[in-house]
Ligand code: 5GP
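Numbering (this note's numbering), first residue to last: 4 to 194.
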C-alpha cells in the first residue's frame with residue numbers, strides 16, 4: 004500500500020509559517036494532516052491543547068523521551084523542548100495522508116535522514132530580518148527577551164536555508180501559498 008509523504012515547513016518565528024500551513028491544510032487535494040508536536044512551553048492565549056501542541060510538563064516530556072516515543076525532539080530554546088510523536092506520524096502516513104510538520108531545521112534534517120525521498124523540506128524566509136523583528140513585535144505574543152532569543156535563532160536558522168529542498172520568500176502571503184502549492188503538487192506526483 005502506498006504511504007503518505009512528509010512535508011516539513013521551517014522558518015524563523017514570525018515569518019508567517021503558521022498562517023501559510025493553515026491555508027495549505029484547507030486545500031483538500033493535498034490530503035494534508037498537521038503533525039501536532041509536543042512541548043513543555045506554556046500554552047498561549049490563542050492556542051488549544053491537541054490542536055496547536057500537546058502541552059506537557061518538563062517531567063512528562065522527559066518521560067516520553069525516555070520511553071522513545073519521539074521521532075525527533077529538540078531543545079529549540081533554552082529549557083524549551085519540542086518533539087514529534089511517533090504515534091502521530093505513523094498512523095497518518097499508513098492511512099495515506101500526507102503530513103505537514105512545523106518544526107525547526109534540526110528537526111527537519113532528522114526527518115529527512117529517516118524518510119529520505121519520502122520527505123520534502125520547505126524553508127520559508129521573511130523578506131528581511133528587519134521585517135521579521137517588526138512582525139514579532141506587532142504579534143504581541145512574546146516578551147522582549149523572547150523576541151531577542153527568537154531573532155538570534157532566526158539568524159542561525161537562515162544560515163541553513165540553502166540545505167533545504169526548496170526556499171520560498173513570504174513577501175505577499177497569497178503568492179507564497181500559491182508557490183508552495185505548486186511545489187507540493189509536483190512532489191506528491193513523484194515516485
Ligand atoms: P513556537 O514556540 O513559536 O510555537 O515554536 C518554536 C519553534 O519550535 C518553531 O521554530 C517550531 O518550528 C519549532 N518546533 C515546533 N514543534 C517542533 C517539533 O516537534 N520538533 C522540532 N524539532 N521543532 C519544533
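Where is the CB? At the ideal position from N, CA and C, for every residue including glycine.
Inter-residue CB distance, residue i and residue j (contact presumed, cutoff 8 Å)
i	j	result
residue 99	residue 19	Incorrect: roughly 29 Å between the Cβ atoms, too far for contact.
Cβ-heavy atom distance, residue i to the ligand 5GP, below 7 Å
i	result
residue 85	yes
residue 40	yes
residue 91	no
residue 44	yes
residue 79	yes
residue 188	no
residue 181	no
Nearest residue (CA-CA) to residue i, options the options
i	options	result
residue 5	73, 96, 137, 171	96
residue 191	91, 121, 129	121
residue 54	62, 36, 68, 71	36
Coarse secondary structure for residue i, derived from DSSP in three states
i	result
residue 71	coil
residue 58	strand
residue 99	coil
Exposed unless 16 or more other CB atoms sit within 10 angstroms - verdict on residue i
i	result
residue 133	exposed
residue 43	buried
residue 38	buried
residue 166	exposed
residue 41	buried
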